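Please read the structure below before turning to the comments.
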Amino acid sequence: APRGERIVYVARRGSHTQLYLRDLDQIEASALPRTDGASAPFFSPGGDWVAFFADGHLKKVPAQGGEPVTLCEAGGTGGGSWGPDDTIYFVPSNGAGLFQVPASGGRPGVVSAPGALPGGTSMLWPEILPGGRALLCTLLSAGRHEAPKVGALRLATAESAALVDGNGFARYASSGHLLCVRGGALIAAPFDPVGLRVTGKPVQVLEGILVDPTTGAAQYAVSASGTLVYAPSESGASERALLWVDREGAVAPLPADRRDFDVPRVSPDGRYLAVSVSEARRMEVWIFDVANGSPRRLPSQGSDGLPLWGPGSGSLTYVSLRAGAWSIFRRPAGGDGVPELLVSDEHPLSPSAWSSDGRALLYTVADPGTRGDIWVLAPGRDARPRPLIRTAADEWGAVFSPDGRFIAYTSDESGRNEVYLRPYPGPGERRQLSTAGGYGPVWNRSRSEVFFRSGDTMMTASVSTRPALSVGAPSPLFDLKFKGPSAGSPNYDATPDGRRFVLIGGGGRNSSPAKIHVVLGWLEDMKRRVVAAQD
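Each residue of the sequence shown is one higher than the one before, starting from 1 at the first, in the numbering used here.
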């Protein structure tokens, strides 16, 4: 809270996530009722209200407990900040622009429209500066978290400027310093909040802060009174295990070392597993033999990831980031031959499915102007990609039915992620499959069934496409915390017979920390460190 007397945080007990509040003069924290599914909380200037995102909306709740109040729709979670004039500024999601809404609620107004920033830049994690005329934010080039910048934006004109390269999740300290995070290290620099200028040398003042690699959110806060709170990270927190899980939820680790895995994909013949592996800020595609867990690396000429098998297990499609451009390549799974370029774009790409005959590729484009869109490419016949689903909503992760007549995909058009079905290539009636939130559909290749995730629950629903589309009620298979989606791709897959799933475990020892550090009087120590490091 601004005066430093209390902290609020998101915590999970079992599969239940909600807000907890702890007054620093009390021994125990208390849950804030009816804040299920909350994320990214922030205080009002007086510390008597807590705003948060949940269920596709921006809400607020009294800090001492009470009934939450819905303020407006907010499709995702890109951060918010409560201004001194009781205006809340928020970013619904990456690439969605900056909006404002009265703290009493109402229709959001546009401050910076999606796609309005130059060069395809998007913003996240706003922080109002003193006086309420400007804010700090994280600026992302083409929506990518690999090279964030700390930026500032004047609210009257929506003019933005980059302040510090390679850093993100900026906060303003009452001591007159800009705080931001680079790779888990907290950086401080003297800062002019009126001129929006860094006026001194940036200095590392703390290390070991937990950062979410998928959102860039750093787990720290500083009060005006000088109290620092942060969630600690540890070496190895990004290392995760590949897990086999059956339909009853029984877990068996794949015989492979823990690494920073992403987007596992089982080959159509069930013999191999392709997965992204991040090492030293570079991605590679690794292929594991399912029988014995032995790995090999796919030859790489850049940073390659997000693998997708071709229909016959003989080829792999993947994304490569080279010279600032996003490209989708295809090459033989054995690694020989020259990679075939399928499509390139200035915006992030994510291949999601091949048709069973190999004639069509579905992929997601993360366009800051329209958020996620689903495109289709027909290599060798009509090499021009075309948009299949392109709206103001965030659509991603489309997959073909085994007969190629329908696709399943995720969209947040209702205000939260849900799974939908529609005919391919269309037109035809669209049907909603999930009923209480869902994302990341995977089609069972051996029978009429679609899997998807709802929170930490793996769901299943019967779906028949012949003679006409017929959809059954979704039902849960098992509850298990595992890594969420990455870059428009679900972080799980099903074996060809639908009997097992490959998941990425929840992470290393402190990927979800069980403790929060509180440092009283921290600003004075920080100021001494910054002054001592100036030339």
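Idealized CB from N, CA, C, for every residue including glycine.
None of the values given here were measured: they were computed from a predicted structure.
Exercise. Hey, is residue 88 close to the ligand GDP, as in C-beta under 6 Å from one of its heavy atoms?
Worked result: For the structure depicted, the ligand GDP is absent and the ligand set is empty, with no information on it obtainable.
Problem set entry | residue 458, DSSP secondary structure in three states | Numbered from its first residue, the sequence shown carries residue 458 at position 458. Strand.
Exercise. According to DSSP, what are the bridge partners of residue 372?
Worked result: In the sequence shown, counting from the first residue as 1, residue 372 sits at position 372. Answer is 366, bridged to residue 372.
Exercise. Could you give the residue range of the alpha helix (DSSP H) that holds residue 515?
Worked result: Here residue 515 is taken as the residue at index 515 of the sequence shown, counted from 1. From DSSP, residue 515 is part of no alpha helix (DSSP H); its letter is neither H nor E.
Exercise. With residue 464 and residue 400 assumed to form a contact (beta carbons below 8 Å), what rounded beta-carbon distance in angstroms separates them?
Worked result: As a first step, residue 464 is located in the sequence shown; it is residue number 464 there, counting from the start. As a first step, residue 400 is located in the sequence shown; it is residue number 400 there, counting from the start. Incorrect: roughly 15 Å between the Cβ atoms, too far for contact.
Exercise. Could you give the distance in angstroms between the alpha-carbon of residue 379 and the alpha-carbon of residue 388?
Worked result: The residue given as residue 379 occupies position 379 in the sequence shown. The residue given as residue 388 occupies position 388 in the sequence shown. Each residue's alpha carbon lies about 16 Å from the other.
Exercise. So, is residue 320 buried or exposed, given that buried needs 16 or more other C-beta atoms within 10 angstroms?
Worked result: Residue 320 sits at position 320 when you count from the first residue of the sequence shown. Its Cβ being crowded by 16 or more others within 10 Å, residue 320 is buried.
Exercise. Alpha carbon to alpha carbon, how far is residue 524 from residue 227?
Worked result: Counted from its first residue, the sequence shown places residue 524 at position 524. Counted from its first residue, the sequence shown places residue 227 at position 227. Their Cα atoms are separated by approximately 10 Å.
For this session: Go ahead and pull the three-state DSSP assignment for residue 149.
Result: For the purposes of this step, residue 149 is taken as the residue at position 149 of the sequence shown. If DSSP states are grouped into helix, strand and coil, residue 149 belongs with the strands.
For this session: Helix, strand or coil for residue 395, going by three-state DSSP, please let me know.
Result: What you label residue 395 is simply residue 395 of the sequence shown in a count that begins at 1. Strand.
Exercise. In whole angstroms, what is the alpha-carbon distance linking residue 261 and residue 485?
Worked result: Position 261 of the sequence shown, counted from the start, is the residue given in the question as residue 261. Position 485 of the sequence shown, counted from the start, is the residue given in the question as residue 485. Using only the alpha carbons, I get a separation of about 12 Å.
For this session: Inspect the CB distances between the stretch 131 to 143 and the stretch 83 to 93 and report whether three or more fall short of 8 Å.
Result: Yes, the stretch 131 to 143 touches the stretch 83 to 93.
Exercise. Counting Cβ pairs, one atom from each stretch, are 3 or more of them under 8 Å apart for the stretch 197 to 210 and the stretch 449 to 464?
Worked result: Contact fails: fewer than three Cβ-Cβ distances are below 8 Å.
For this session: Have a look at 71, 412 and 230 and flag the residue whose alpha-carbon is nearest the alpha-carbon of residue 181.
Result: For this step, residue 181 is matched to residue 181 along the sequence shown. Of 71, 412 and 230, the smallest CA-CA separation from residue 181 is found for 230.
For this session: Kindly list the residues whose CB is nearer than 6 Å to the CB of residue 343, restricted to its own chain and excluding five residues on each side of it in sequence; keep chain order.
Result: Within the sequence shown, numbered from 1, the residue matching residue 343 stands at position 343. The answer, listed in chain order, is 328, 377 and 385.
Problem set entry | residue 434 in three-state terms, based on DSSP | Taking the first residue of the sequence shown as position 1, residue 434 is located at position 434. Looking at residue 434 - three-state DSSP - the assignment turns out to be coil, as it is neither helix nor strand.
Problem set entry | Buried or exposed (CB count within 10 angstroms, at least 16 for buried), residue 27 | Numbered from its first residue, the sequence shown carries residue 27 at position 27. Result: exposed.
Exercise. Residue 143: buried (16+ other C-beta within 10 angstroms of its C-beta) or exposed?
Worked result: Counting from 1 along the sequence shown, the entry for residue 143 is found at position 143. Unreliable positioning characterises residue 143 in this predicted model, as indicated by a pLDDT of 48, which lies under 50. The coordinate reading is nonetheless provided below. Buried: at least 16 other Cβ atoms inside 10 Å.
For this session: Sort out for me which residues DSSP pairs residue 200 with in a bridge.
Result: Residue numbering aside, residue 200 sits at position 200 when the sequence shown is read from its first letter. Bridge partners of residue 200: none, in fact.
Problem set entry | residue 42 - partner residues in DSSP beta bridges | As a working mapping, residue 42 is identified with position 42 in the sequence shown. Its beta-bridge partners are 51.
Problem set entry | Residues of its chain near residue 520, where Cβ-Cβ distance is below 6 Å and the 5 sequence neighbours each way are ignored | Here residue 520 corresponds to residue number 520 of the sequence shown, with the count starting at 1. Take residue 520, set aside five residues on each side of it, and the residues of its chain with a beta-carbon closer than 6 Å to its own are 227, in chain order.
Exercise. Are at least three pairs of beta-carbons, each pair with one atom in the stretch 419 to 430 and one in the stretch 487 to 498, less than 8 Å apart?
Worked result: For the pair of segments examined, the stretch 419 to 430 was found not to touch the stretch 487 to 498: the number of CB pairs separated by less than 8 Å stays below three.
Exercise. Exposed or buried, what is residue 248 when buried is set at 16 or more other beta-carbons lying within 10 Å of its beta-carbon?
Worked result: The residue given as residue 248 occupies position 248 in the sequence shown. Here residue 248 is exposed. Its C-beta has fewer than 16 other C-beta atoms within 10 Å.
Problem set entry | Whole runs of the alpha helix (DSSP H) within the stretch 146 to 193, excluding any shorter than 4 residues | Those alpha helix (DSSP H) runs which fall completely within the stretch 146 to 193 and span 4+ residues do not exist here.
Problem set entry | Any 3 or more C-beta pairs closer than 8 Å across the stretch 107 to 124 and the stretch 184 to 195 | Contact fails: fewer than three Cβ-Cβ distances are below 8 Å.
For this session: Please classify residue 8: does DSSP put it in a helix, a strand, or coil?
Result: Taking the sequence shown and counting its residues from 1, one reaches residue 8 at position 8. Here DSSP, grouped into helix, strand and coil, assigns residue 8 to strand.
Exercise. By how many angstroms is the C-alpha of residue 530 removed from the C-alpha of residue 177?
Worked result: In the sequence shown, residue 177 corresponds to position 177, counting from 1. In the sequence shown, residue 530 corresponds to position 530, counting from 1. Spanning the two alpha carbons is a distance of roughly 9 Å.
Problem set entry | Residues of its chain near residue 421, where Cβ-Cβ distance is below 6 Å and the 5 sequence neighbours each way are ignored | In the sequence shown, residue 421 corresponds to position 421, counting from 1. Excluding sequence neighbours, residue 421 sits near 406, 408, 431 and 433.
Exercise. What residues match up with residue 505 in a beta bridge as DSSP calls it?
Worked result: Position 505 of the sequence shown, counted from the start, is the residue given in the question as residue 505. In the DSSP output, where bridge partners are listed per residue, residue 505 has 482.
Exercise. Whose CA, out of 314, 295, 286 and 311, lies closest to the CA of residue 305?
Worked result: Position 305 of the sequence shown holds residue 305. Nearest of 314, 295, 286 and 311 to residue 305, Cα basis: 286.
Exercise. Thinking just about the alpha-carbon of each residue, which of 47, 155, 167 and 67 is nearest to the one in residue 89?
Worked result: On the sequence shown, position 89 is the one that residue 89 refers to. If we check each option's Cα against that of residue 89, 155 comes out closest.
Problem set entry | Buried or exposed by the 16-neighbour rule on C-beta atoms within 10 Å, applied to residue 70 | As a working mapping, residue 70 is identified with position 70 in the sequence shown. Counting Cβ neighbours within 10 Å, residue 70 comes out exposed, since fewer than 16 surround it.
For this session: Please name the residue, chosen from 418, 50, 492 and 23, that lies closest to residue 273 on a Cα-to-Cα basis.
Result: Position 273 of the sequence shown holds residue 273. With distances taken between CA atoms, residue 273 lies nearest to 492 out of 418, 50, 492 and 23.
Exercise. Where are the beta strand (DSSP E) runs, 3 residues long or more, that stay fully inside the stretch 76 to 107, in chain order?
Worked result: Fully enclosed beta strand (DSSP E) runs of 3 or longer: 80 to 82, 87 to 90 and 98 to 102.
Exercise. According to DSSP, what are the bridge partners of residue 527?
Worked result: Locating residue 527 in the sequence shown gives position 527, where the first residue counts as 1. Looking at the DSSP assignment, residue 527 forms no beta bridge with any residue, so it has no partner.
Problem set entry | Start and end residues, beta strand (DSSP E) containing residue 221 | For the purposes of this step, residue 221 is identified with residue 221 of the sequence shown, where counting begins at 1. Segment 220 to 222, the beta strand (DSSP E) holding residue 221.
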